[in-house]
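Accompanying notes for the structure given below.
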Ligand code: RVP
């Protein structure tokens with residue numbers, strides 16, 4: 003290395019964006035962006051693939067807000083695939099593979115299914131899929147709790163002939179049918195009377211409530227899921243594909259490694275995965291980015307050590323301050339037209355614009371979302387204040403989950419071969435973050451902050467922000483001046499915590 007200390011790494015707190023001439027007001031700013039080469043979203047936000055951040059509830063909330071969730075992989079293949087399934091079923095123009103029951107099932111069984119899938123009724127089918135009725139809350143209301151286990155669906159369901167529509171019915175006609183017949187569920191049938199889909203009023207209502215949701219071609223919410231590269235990772239990828247995943251994230255602490263690049267290559271060259279986009283990571287240099295791009299990644303994830311719970315930079319002494327890492331990676335990515343995801347280290351809404359100007363097209367958030375209602379885990383009370391647990395996937399707790407199984411979080415840190423828990427080397431910590439209420443209000447503040455950045459820099463769109471945005475380096479004194487100073491805060495702001 004000719005000049006080892008001439009190259010300085012900077013991060014969010016080292017830089018500020020310059021204000022510029024503007025004709026944009028915040029409410030006009032358009033925050034839509036690319037997640038991958040093929041997928042666009044109306045908000046540049048991903049939730050981290052961490053077991054205290056993203057399961058199906060978070061993924062549903064993030065997609066509704068216009069971002070996307072990446073389901074963590076510290077759970078069995080079957081469980082992770084089930085979370086994908088829940089997101090894909092949660093709301094859709096048409097449910098192609100609805101949950102069903104049969105005439106001989108009991109009302110108790112229907113109750114259990116409705117609870118599990120959060121639906122209010124089920125189509126009833128026989129043998130070869132013939133639609134013979136529908137059972138909803140209305141039909142079950144007067145079955146006493148004591149009789150649920152012995153009452154059969156056939157005795158209480160609304161029997162065929164039902165109001166149905168043919169497969170391929172357009173949304174306007176479906177709405178007209180709901181209104182005309184005062185029904186809430188419309189089964190779709192083929193020429194032989196077999197059930198082949200379902201449309202619900204609830205889905206139409208959600209479409210109105212979340213107009214910016216991130217959806218696939220069939221109107222279902224999009225979802226990402228993490229895999230590793232070791233052990234049964236390939237099997238995991240297959241199960242996620244079968245469940246309908248949109249994006250597979252090969253999620254490791256060092257993406258520029260043969261195992262990671264191999265599995266990306268394999269996914270990208272297998273026609274079975276043609277409809278799924280593949281994100282690779284993490285890297286923090288230009289050459290690392292290049293490796294992922296050459297392997298075929300549809301987007302690359304950048305960040306080695308910036309995470310709030312991460313100790314990689316102290317344990318291993320390795321990493322690149324995040325703004326420099328994103329900038330360096332983007333030099334390779336821009337050339338190849340592959341989007342960059344800035345993963346970790348964001349503390350405030352202003353950091354989003356900084357990441358985008360540095361070269362990212364989206365950001366991935368852990369700590370900013372871990373305190374919301376939709377993250378896994380319960381509230382904990384400390385001195386009367388509410389918190390939620392938040393831990394690194396390289397923390398001892400996360401590494402020890404599931405013992406020595408190979409495809410859990412251990413291979414993220416390349417420690418699948420470590421024989422016993424006592425010999426693990428942690429690269430993260432376990433902690434807690436303040437409770438922050440629903441994801442919707444957190445995302446609202448983050449996007450609101452981003453729109454203010456766009457106003458100050460005169461950028462109407464994210465591509466414009468990335469092209470026009472200019473940095474100034476600041477000093478410790480500048481940073482001190484940037485935060486509230488010389489006063490005691492007496493009212494908590496919704497978008498500022500020290
Ligand atoms: P943050 O948003 O700063 O909390 O960072 C979240 C990111 O940190 C994750 O998306 C992931 O890339 C990284 N991470 C997760 N676990 C660990 C660790 O244990 N070191 N790091």
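In the UniProt record's numbering, the protein residues as written are 3 to 500. The beta carbon of each residue, even a glycine, is placed where N, CA and C say it ideally should be. Since this is a predicted model, take the numbers as computed values, not measurements.
Alpha carbon of residue 427 to alpha carbon of residue 398, nearest angstrom: Position 425 of the chain shown holds residue 427. Position 396 of the chain shown holds residue 398. Cα to Cα, the separation comes out at about 8 Å.
Verify whether the separation of the beta carbon atoms of residue 60 and residue 71 is less than 7 Å. Here residue 60 corresponds to residue number 58 of the chain shown, with the count starting at 1. Here residue 71 corresponds to residue number 69 of the chain shown, with the count starting at 1. Going by C-beta atoms, residue 60 is nearer than 7 Å to residue 71.
Under DSSP, the alpha helix (DSSP H) around residue 343 begins and ends at which residues? Residue 343 sits at position 341 when you count from the first residue of the chain shown. Looking at the DSSP string, residue 343 is not in any alpha helix (DSSP H); the run it does join, the beta strand (DSSP E), is 342-345.
Could you give the distance in angstroms between the alpha-carbon of residue 436 and the alpha-carbon of residue 371? As a working note, residue 436 is residue 434 in the chain shown. As a working note, residue 371 is residue 369 in the chain shown. For residue 436 and residue 371, the distance between alpha carbons rounds to 10 Å.
Quick check: is the beta carbon of residue 119 nearer than 7 Å to any beta carbon in chain D? Any reference to chain D falls outside this structure, which holds one protein chain only.
Residue 125 beta carbon less than 7 Å from that of residue 156: As a first step, residue 156 is located in the chain shown; it is residue number 154 there, counting from the start. As a first step, residue 125 is located in the chain shown; it is residue number 123 there, counting from the start. Cβ atoms of residue 156 and residue 125: not closer than 7 Å.
Would you list the one or two residues that DSSP bridges to residue 434? Here residue 434 corresponds to residue number 432 of the chain shown, with the count starting at 1. 391.
Closest Cα partner of residue 365 within the set 374, 373, 355: Position 363 of the chain shown holds residue 365. If we check each option's Cα against that of residue 365, 355 comes out closest.
Should the region 453-466 be called in touch with the region 14-31, which here means at least 3 C-beta pairs below 8 Å? Contact between the region 453-466 and the region 14-31 is present, because at least three Cβ pairs lie under 8 Å.
Leaving out the 5 sequence neighbours to the left and right, which residues in its chain are closer than 7 Å to residue 101 when beta-carbon positions are compared? Counting from one through the chain shown, the residue named residue 101 turns up at place 99. Cβ within range, chain order: 115, 119, 121, 124.
Residue range of the beta strand (DSSP E) that residue 475 falls in? Translated into the one-based positions of the chain shown, residue 475 becomes position 473. Counting along the chain, residue 475 sits inside the beta strand (DSSP E) bounded by residues 473-475.
The alpha helix (DSSP H) enclosing residue 142, as first and last residue numbers: As a position in the chain shown, residue 142 is number 140, starting the count at 1. From DSSP, the alpha helix (DSSP H) with residue 142 extends over 139-142.
Taking 6 Å as the cut-off, is the C-beta of residue 345 nearer than that to any heavy atom in the ligand RVP? By 1-based counting over the chain shown, the position of residue 345 is 343. The answer is yes for residue 345.
Could you check whether the Cβ of residue 293 sits closer than 6 Å to any heavy atom belonging to the ligand RVP? Here residue 293 refers to the residue found at position 291 when the chain shown is read from its first residue. Answer for residue 293: no, Cβ out of range of the ligand RVP.
Could you tell me the distance, in whole angstroms, from the CA atom of residue 278 to the CA atom of residue 265? Within the chain shown, the letter at position 276 stands for residue 278. Within the chain shown, the letter at position 263 stands for residue 265. Rounded to the nearest angstrom, the two C-alpha atoms are 14 Å apart.
The region 35-48 in contact with the region 338-353 per 3-pair CB rule at 8 Å: yes
Say the cut is 6 Å; is the CB of residue 116 nearer than that to a heavy atom of the ligand RVP? As a first step, residue 116 must be located in the chain shown, where it is residue number 114. Incorrect: residue 116 has no Cβ contact closer than 6 Å to the ligand RVP.
By DSSP, does residue 185 sit in helix, in strand, or in coil? To locate residue 185, count along the chain shown from 1; it is residue 183. Assigned with DSSP and collapsed to three states, residue 185 falls in coil, not helix or strand.
Let me make sure I understand the geometry here. Which of 85, 202, 138, 136 has the alpha-carbon closest to that of residue 181? Position 179 of the chain shown, counted from the start, is the residue given in the question as residue 181. Taking only the C-alpha atoms, the option nearest residue 181 is 202.
Element boundaries [beta strand (DSSP E), containing residue 279]: Translated into positions along the chain shown, residue 279 becomes position 277. Here the beta strand (DSSP E) through residue 279 covers 279-285.
Confirm the yes/no value for this check: CB of residue 367, any heavy atom of the ligand RVP, distance under 6 Å. Reading the chain shown from its first residue, position 365 is the one you call residue 367. Within the cutoff, so yes.
Cβ of residue 269 within 7 Å of Cβ of residue 251? Here the question's residue 269 lines up with position 267 in the chain shown. Here the question's residue 251 lines up with position 249 in the chain shown. No; because the gap between Cβ atoms is not below 7 Å, this pair is not in contact.
Can we count residue 430 as close to the ligand RVP, meaning its CB is less than 6 Å from some heavy atom? For the purposes of this step, residue 430 is taken as residue 428 along the chain shown, with counting starting at 1. Checking the Cβ of residue 430 against the ligand RVP gives yes.
In terms of alpha-carbon separation, which member of 313, 321, 381, 167 lies closest to residue 285? For the purposes of this step, residue 285 is taken as the residue at position 283 of the chain shown. Closest option to residue 285, Cα to Cα, is 321.
So, are the CB atoms of residue 418 and residue 400 less than 7 Å apart? Position 416 of the chain shown, counted from the first residue, corresponds to residue 418. Position 398 of the chain shown, counted from the first residue, corresponds to residue 400. No, these two residues do not count as a Cβ contact at 7 Å.
Out of curiosity, what's the CA-to-CA distance linking residue 98 and residue 227? Against the chain shown, residue 98 aligns to sequence position 96. Against the chain shown, residue 227 aligns to sequence position 225. Answer to the nearest angstrom: the Cα atoms are 21 Å apart.
Count the other C-beta atoms from every protein chain shown that fall within 10 angstroms of the C-beta of residue 391, then say buried if there are 16 or more, exposed otherwise. Residue mapping note: residue 391 aligns to position 389 of the chain shown, counting from 1. With 16 or more other Cβ atoms within 10 Å, it is buried.
Residue 64: beta carbon under 6 Å from a heavy atom of the ligand RVP? Position 62 of the chain shown, counting from 1, holds the residue named residue 64. It does not: the Cβ of residue 64 is nowhere closer than 6 Å to a heavy atom of the ligand RVP.
Would you kindly work out how many angstroms separate the C-alpha atoms of residue 406 and residue 75, rounded to a whole number? Counting from 1 along the chain shown, the entry for residue 406 is found at position 404. Counting from 1 along the chain shown, the entry for residue 75 is found at position 73. Low confidence applies here, because residue 406 scores a pLDDT of 48, under 50, leaving its location unreliable; read the following figure in that light. Taking the straight line joining both Cα atoms gives about 14 Å.
What first and last residue would you give for the alpha helix (DSSP H) that runs through residue 383? Here the question's residue 383 lines up with position 381 in the chain shown. Here residue 383 belongs to no alpha helix (DSSP H); instead the beta strand (DSSP E) covers 381-384.
Local conformation of residue 37 per DSSP, three classes: Start at 1 with the first residue of the chain shown, and residue 37 comes out as number 35. The answer is coil: DSSP assigns residue 37 none of H, G, I, E or B.
Since residue 367 sits in a beta bridge, which residues does DSSP pair it with? By 1-based counting over the chain shown, the position of residue 367 is 365. Answer by DSSP bridge pairing, in chain order: 49.
Nearest residue (CA-CA) to residue 183, options 192, 164, 193: Mapped onto the chain shown, residue 183 falls at position 181. Of the listed residues, the one whose Cα sits closest to residue 183 is 164.
Three CB pairs or more closer than 8 Å across the region 321-340 and the region 430-447: no
Between the alpha carbons of residue 130 and residue 379, how many angstroms are there, rounded? Translated into the one-based positions of the chain shown, residue 130 becomes position 128. Translated into the one-based positions of the chain shown, residue 379 becomes position 377. Within the model, the alpha-carbon separation for residue 130 versus residue 379 is close to 41 Å.
Just the Cα atoms here: how many angstroms apart are residue 9 and residue 330? The residue you call residue 9 lines up with position 7 of the chain shown. The residue you call residue 330 lines up with position 328 of the chain shown. Spanning the alpha carbons of residue 9 and residue 330 requires a straight line of approximately 11 Å.
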